[in-house]
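Below you'll find the structure, written out as structure tokens, and then a few comments.
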């Protein structure tokens, strides 16, 4: 098994996932899922996991769903 190189797709996905709470907390309005997806340039299957990541952030008290959009 090879270690992931810095700058690889996996590293980018983790960076984007870490940036998600900051995106939500700095937005002046609740963001729907398509707007959150559009905020990240990363490609690949990690975006399919955004709902799960958002649910996890909600369980941790770092995000909440309001009227069809997410806030931090």
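In the numbering used here, the protein residues as written are 7 to 78. Beta carbons are placed, not taken as given, at the ideal position from N, Cα and C, and that holds for glycine.
query: Please report the straight-line C-alpha distance between residue 58 and residue 76, rounded to a whole angstrom.; result: 13 Å
query: Residue range of the alpha helix (DSSP H) that residue 66 falls in?; result: Neither: residue 66 is in no alpha helix (DSSP H) and is coded neither H nor E.
query: Considering Cα atoms alone, identify which of 71, 70 and 45 is closest to residue 23.; result: 45
query: Would you mind giving the Cβ-Cβ distance between residue 27 and residue 56, rounded to the nearest angstrom? I have them listed as a contact below 8 Å.; result: With 8 Å as the limit, residue 27 and residue 56 do not qualify as a contact, their Cβ atoms being about 13 Å apart.
query: In the DSSP assignment, find the unbroken beta strand (DSSP E) run with residue 52 in it and report its ends.; result: Taken as a continuous stretch (DSSP letters only), residue 52 belongs to no beta strand (DSSP E), as it is neither H nor E.
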